[in-house]
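In mature numbering (1 follows the signal peptide of the UniProt record, and there is no 0), the protein residues as written are -22 to -1, 1 to 124.
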């Protein structure tokens, strides 16, 4: 009896941990952005990626300066060019959006990692600035979402 309940719970967990999918950009655009070319003069490049093992079945909205870029899923990324100065990346979380403010300089690329964390009812999300080395690895292992 107890073994049957355990198997049922385990099956439910495995089913719920399947991968979410979101609309993806063309492979040619993905490949071009993975060269990590400097942004045009007067702009900064911001890569926002998600590669967390936890919460693979969840899709989470991601915003740049209040504009919705789309839904993220595991192993996806977004790219945005912005003016130099302070910007805010926000992500949908369990009860309200989590915001991260950071300052960018012209001609530079920046990398923001979105990650899923444990929640009360469902996994929440947060974002953090990571090093260029870590960010490039995360983006290279991901696909460009649209």
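Built from N, CA and C at the ideal position, the CB exists for glycine as well.
{"query": "Apply the 10 Å Cβ neighbour rule to residue 113 and answer buried if 16 or more other Cβ atoms are within range, or exposed otherwise.", "result": "buried"}
{"query": "With DSSP as the reference, label residue 71 as helix, strand or coil.", "result": "coil"}
{"query": "Would you grab the beta carbon distance between residue 101 and residue 32 for me? Rounded to a whole angstrom, and I think it's under 8 Å.", "result": "7 Å"}
{"query": "Near residue 76, what residues of its chain come up, given a Cβ to Cβ distance below 6 Å and the 5 sequence neighbours on each side ignored?", "result": "69 and 104"}
{"query": "Expressed to the nearest angstrom, what Euclidean distance is found between the alpha-carbon atoms of residue 106 and residue 91?", "result": "5 Å"}
{"query": "Starting from residue 77, follow the beta strand (DSSP E) in both directions and report where the run begins and ends.", "result": "76 to 82"}
{"query": "Taking the CB atoms as reference points, tell me whether residue 2 and residue 122 lie closer together than 8 Å.", "result": "yes"}
{"query": "Does DSSP classify residue 12 as helix, strand or coil?", "result": "coil"}
{"query": "Quick check on the DSSP output: the alpha helix (DSSP H) that includes residue 36 runs from which residue to which?", "result": "Note, residue 36: premise wrong, no alpha helix (DSSP H); not H, not E."}
{"query": "Look at the alpha carbon of residue 111 and the alpha carbon of residue -1, and state the distance between them as a whole number of angstroms.", "result": "26 Å"}
{"query": "Rounded to whole angstroms, what is the Cα-Cα separation between residue 99 and residue 35?", "result": "14 Å"}
{"query": "Among the candidates 95, 71, 11 and 53, whose CA atom is the shortest distance from the CA of residue 59?", "result": "11"}
{"query": "To the nearest angstrom, how far is it from the Cα of residue 29 to the Cα of residue 51?", "result": "8 Å"}
{"query": "Answer with buried or exposed for residue 44, where buried requires no fewer than 16 other C-beta atoms within 10 angstroms of its C-beta.", "result": "exposed"}
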